[in-house]
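Single-structure report; data block below.
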Amino acid sequence: MQGDRDILILAIETSCDETAAAVVKNGRQVLANIVSSQVDLHRKFGGVVPEIASRKHLEYINPVIEQALATAGVGWSELDAVAATYGPGLVGALLVGLSAAKALAYVLDKPFIGINHIVGHIYANFISHQGITSPVVCLTVSGGHTDLLFFEELGAYRILGSTRDDAAGEAFDKTARLLDIGYPGGPAIEKASKDGKATAINFPRPFLNDDTFDFSFSGLKTAVINYLHHKKQKGEGIIVADVAASFQQAVIDMLIAKILKAVQEFPVKSVILSGGVAANKTLKQQLAEKLARYSLPLYTPDLSLCTDNAAMIGSVAYYRYQQGRFSPLSLNARANLKLGEEVNDG
Ligand code: KG4
Ligand code: ZN
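Residues 0 to 345 in numbering that gives the first Met the number 0 are what the sequence shown lists, from first letter to last.
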C-alpha cells in the first residue's frame, strides 16, 4: 500500500515452459494467478525445446494476460505497474513475456519493473505465509545455486554467503548418479536414506565452523567417490542406504550450521527455505528443531507456489515499486542472470 492506496501490479513470467500472468495487490494478495503449462507438449521430446517454448509463449501470452485481468476484476487503467521476469531462463522464452510487459507499460504509461526469477521463487514464501516478519534469513538451495540471504526488510536482501563450487542440489544429483539410484537425485537420496544410518560414514563437512557464510560441496562428492572406490578395491560391498544417509546428513549439517550462524549474528525473526532442496523433509525437520531453541519459525513455500508462476514475480515487483526502483524499457533478457545482479538493472 502507498498511504491508503492499494498497489495493483500485473506480472508476467515466461522464463521456461509456463506462460504465466498474475495480478497482485500490495505484494502479498494474489487476485489472479494464471499459468498455462506446456509440459505435455515438451514431454514427448524428453525436455523443454526452446524454439517450441518461445512459439507457444507467443500464442498464449495475450489470452493469459487477459484472463488474469478478468479473473482479478481489474481494468487496465487500475494497474499501477507492469512487471516481468527478465532472467535467468531461455532467452527466446524470456523475450516474449518481457516484450509484452514493456509494450503494455509503454502504452498504459505505467512504470515497468524487470524481475530476477530466482528472487521471485524466494518471495513465493511471502505470499504463502502472511505471518513472515522481517528481519529474515533465507537459504535458497536448488540444482543451480546455494545462497544464504539476509532481509533486513522484505523489500531488500543482501547475500551473506554462497557455494564456492557445486550447488547443494547438484551434489545430491551427482551422488545419486554415483549410487545409481535415479534422477533427480534429491528425492532418490532422501528415499534411500530412510533405511540407512546417518552416522555410518563420517563424510567431510568443509567450512562447517569457519568464519564465513559460504558453502562447499565438491569435496563431499569426491569423498563419496573415494569411499566407493576404496570399497571396490578391497572387494567389499556397500550399503547404499548408509552412504545415502551419511551423505545427506553431511549436506544438512553444512546448511544448518550456516543458518544458525546467521541467526546468532543477526536480529532474525523468521527463517525461510526456497529451491528444490527445500523439499527435503529431513532438512526441514532437523532445522525446525534447531530453530525452535531460538523460538524462530521456519517457513517453506506452499507447493502451489513452488513451480513457476507470475504471482511471485508480482510480489517482488511490489517492493520495487515502493522503493521507486523502476526498469528502463531498454532492459534486455538475460539468460544467465545471477542472484544479486538485478540490482544493477534498475
Ligand atoms: O529449484 P529446483 O526445482 O530447480 C532448479 O535447480 O532450478 O531444484 C532442483 C534440485 C535438484 O538438484 C534436486 O535433486 C533437488 O532440487 N531436490 C532435492 C529434493 N527434491 C529436489 N534435494 C534434496 N532432497 C529432496 N527431497
Ligand atoms: Zn523457476
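Quick reminder that beta carbons are idealized off the backbone N, C-alpha and C, glycines included.
Discussion item. So, with DSSP's three-state summary, where would you put TYR85?
Written reply: Along the sequence shown, one-based indexing puts residue 85 at 86. DSSP places TYR85 in strand when its eight states are reduced to three.
Discussion item. Measuring only the C-alpha atoms, how far is LEU97 from HIS128?
Written reply: For the purposes of this step, residue 97 is identified with residue 98 of the sequence shown, where counting begins at 1. For the purposes of this step, residue 128 is identified with residue 129 of the sequence shown, where counting begins at 1. Their Cα atoms are separated by approximately 28 angstroms.
Fill in: Delimiting residues of the alpha helix (DSSP H) encompassing PHE150
Start at 1 with the first residue of the sequence shown, and residue 150 comes out as number 151. Taken as a continuous stretch (DSSP letters only), PHE150 belongs to no alpha helix (DSSP H), being part of the beta strand (DSSP E) at 145-152.
Worksheet entry | Span separating the alpha-carbon of SER329 from that of TYR85 | Here residue 329 corresponds to residue number 330 of the sequence shown, with the count starting at 1. Here residue 85 corresponds to residue number 86 of the sequence shown, with the count starting at 1. So the alpha carbons of these two residues sit roughly 11 angstroms apart.
Discussion item. Suppose the cutoff is 8 angstroms on Cβ atoms and the five residues either side in sequence are ignored; what does the same chain contact list for PHE125 look like?
Written reply: Position 126 of the sequence shown, counting from 1, holds the residue named residue 125. Correct list, in chain order: GLY26, ARG27, ILE131, LEU153 and SER314.
Worksheet item: Can you give the beta carbon distance from ILE114 to ALA83, rounded, assuming they're within the 8 angstroms contact cut?
Response: Translated into the one-based positions of the sequence shown, residue 114 becomes position 115. Translated into the one-based positions of the sequence shown, residue 83 becomes position 84. About 7 angstroms separates the two Cβ atoms, so the contact holds.
Fill in: Contiguous alpha helix (DSSP H) assignments of at least 4 residues, all confined to the segment 40-103
Whole alpha helix (DSSP H) segments, 4+ residues: 49-71.
Item to complete: Answer yes or no: do PHE216 and LYS257 have a C-beta to C-beta separation smaller than 8 angstroms?
Response: If you number the sequence shown from 1, residue 216 lands on position 217. If you number the sequence shown from 1, residue 257 lands on position 258. The answer is no: Cβ separation not under 8 angstroms.
Worksheet entry | CB of LEU159 within 8 angstroms of CB of LYS109, strictly | Here the question's residue 159 lines up with position 160 in the sequence shown. Here the question's residue 109 lines up with position 110 in the sequence shown. Cβ atoms of LEU159 and LYS109: not closer than 8 angstroms.
Worksheet entry | For ILE200, the first and last residue of its enclosing beta strand (DSSP E) | Residue 200 sits at position 201 when you count from the first residue of the sequence shown. Segment: none, ILE200 is in no beta strand (DSSP E) and carries neither H nor E.
Fill in: Cβ contact (3+ pairs, closer than 8 angstroms) linking the segment 294-308 and the segment 163-174
no
Worksheet item: Where are the alpha helix (DSSP H) runs, 4 residues long or more, that stay fully inside the segment 175-227, in chain order?
Response: 184-192
Worksheet item: With a Cβ-Cβ cutoff of 8 angstroms, do ALA21 and ALA67 count as a contact?
Response: On the sequence shown, position 22 is the one that residue 21 refers to. On the sequence shown, position 68 is the one that residue 67 refers to. Yes, these two residues count as a Cβ contact at 8 angstroms.
Worksheet item: Does any heavy atom of ligand 1 sit closer than 7 angstroms to the C-beta of VAL342?
Response: For the purposes of this step, residue 342 is identified with residue 343 of the sequence shown, where counting begins at 1. No, the Cβ of VAL342 stays beyond 7 angstroms of every heavy atom of ligand 1.
Fill in: Assigned secondary structure, THR281 (DSSP; H/G/I helix, E/B strand, else coil)
Sequence index remark: in the sequence shown, residue 281 carries index 282 (1-based). Note: THR281 maps to helix in three-state DSSP.
Discussion item. I need the DSSP call for VAL267, collapsed to helix, strand or coil.
Written reply: The residue given as residue 267 occupies position 268 in the sequence shown. The answer is coil: DSSP assigns VAL267 none of H, G, I, E or B.
Fill in: Own chain partners of ASN201 with C-beta closer than 8 angstroms, once the 5 adjacent residues on each side are dropped
In the sequence shown, the residue the question calls residue 201 occupies position 202. Taken in chain order, the residues that qualify are SER245.
Worksheet item: Grouping DSSP H, G and I as helix and E and B as strand, with all else coil, what is ALA10?
Response: The sequence position of residue 10 within the sequence shown is 11, counting from 1. Residue state, collapsed to three classes: strand.
Practice prompt. Whole angstroms is fine: what's the gap from ILE237's alpha carbon to ALA197's?
Written response: Looking up residue 237 in the sequence shown gives position 238. Looking up residue 197 in the sequence shown gives position 198. Using only the alpha carbons, I get a separation of about 14 angstroms.
Worksheet item: Is ASN225 near ligand 1, in the sense that its beta carbon is under 7 angstroms from a heavy atom of that ligand?
Response: Along the sequence shown, one-based indexing puts residue 225 at 226. Not so, every heavy atom of ligand 1 lies at least 7 angstroms from the Cβ.
Worksheet item: Using a Cβ-Cβ cut-off of 7 angstroms (strictly less than) and excluding sequence neighbours within five positions of ALA332, which residues of its own chain qualify?
Response: Here residue 332 is taken as the residue at index 333 of the sequence shown, counted from 1. Cβ within range, chain order: TYR85, GLY86, VAL90, LEU93, LEU94 and LEU97.
Worksheet item: How would you call LYS231, buried or exposed, if buried means at least 16 neighbouring beta carbons within 10 angstroms?
Response: Here the question's residue 231 lines up with position 232 in the sequence shown. It is exposed - the Cβ of LYS231 has fewer than 16 other Cβ atoms within 10 Å.
Discussion item. Would ILE112 and SER269 qualify as a contact pair, given that the criterion is a beta-carbon distance under 8 angstroms?
Written reply: On the sequence shown, position 113 is the one that residue 112 refers to. On the sequence shown, position 270 is the one that residue 269 refers to. Taking 8 angstroms as the Cβ cut-off, ILE112 and SER269 do not qualify as a contacting pair.
Worksheet item: Going by the C-beta, is PHE171 closer than 7 angstroms to any heavy atom of ligand 1?
Response: As a working note, residue 171 is residue 172 in the sequence shown. Taking 7 angstroms as the cut-off, one finds at least one heavy atom of ligand 1 near enough to the beta carbon of PHE171.
Practice prompt. Compute the distance between the beta-carbons of VAL29 and ALA310, then report whether it is under 8 angstroms.
Written response: The residue labelled residue 29 in the question sits at position 30 within the sequence shown. The residue labelled residue 310 in the question sits at position 311 within the sequence shown. The answer is yes: Cβ separation under 8 angstroms.
Practice prompt. Tell me whether LYS24 sits in a helix, a strand or coil according to DSSP, three-state version.
Written response: Working through the sequence shown from its first residue, we reach residue 24 at position 25. In this structure, LYS24 counts as strand in the three-state DSSP scheme.
Discussion item. Suppose you measure from the CA of TYR226 to the CA of LYS283; what does that come to, to the nearest Å?
Written reply: Numbered from 1 along the sequence shown, position 227 holds the residue referred to as residue 226. Numbered from 1 along the sequence shown, position 284 holds the residue referred to as residue 283. So the two alpha carbons sit approximately 27 angstroms from each other.
Worksheet item: At which residues does the beta strand (DSSP E) containing ILE114 begin and terminate?
Response: Counting from one through the sequence shown, the residue named residue 114 turns up at place 115. Unbroken beta strand (DSSP E) run through ILE114: 111-115.
Worksheet item: Which residues in the same chain as ILE243 place their Cβ atom closer than 6 angstroms to its Cβ, once the five residues preceding and following it in sequence are excluded?
Response: By 1-based counting over the sequence shown, the position of residue 243 is 244. A small fix is needed here, since residue 243 is Ala in this sequence, not Ile. Only residues of its own chain outside the window of five on either side were considered, and among them ILE188, ALA191, SER192 and GLY195 have a CB closer than 6 angstroms to the CB of ALA243, listed in chain order.
Worksheet item: Exposed or buried, what is GLU12 when buried is set at 16 or more other beta-carbons lying within 10 Å of its beta-carbon?
Response: Taking the sequence shown and counting its residues from 1, the one referred to as residue 12 is at position 13. Result: buried.
Item to complete: Could you tell me how far apart the beta carbons of LEU7 and VAL73 are, in whole angstroms, since I believe they sit closer than 8 angstroms?
Response: One-based indexing of the sequence shown puts residue 7 at position 8. One-based indexing of the sequence shown puts residue 73 at position 74. Yes, they are in contact, since the Cβ atoms of LEU7 and VAL73 sit about 6 angstroms apart, within 8 angstroms.
Worksheet item: Going along the chain, which residues of its own chain have a beta-carbon closer than 8 angstroms to the beta-carbon of SER14, five neighbours each way excluded?
Response: Here residue 14 refers to the residue found at position 15 when the sequence shown is read from its first residue. Excluding its 5 nearest sequence neighbours in each direction, SER14 has C-beta neighbours in its own chain below 8 angstroms: THR84, GLY86, PRO87, GLY88, LEU89, ALA92, LEU93, GLY96, HIS116 and ASP307, listed in chain order.
Practice prompt. Flag this pair as yes or no: are the beta carbons of GLY346 and GLY119 separated by less than 8 angstroms?
Written response: The chain is shown from 0 up to 345; residue 346 falls before or after that span and cannot be answered.
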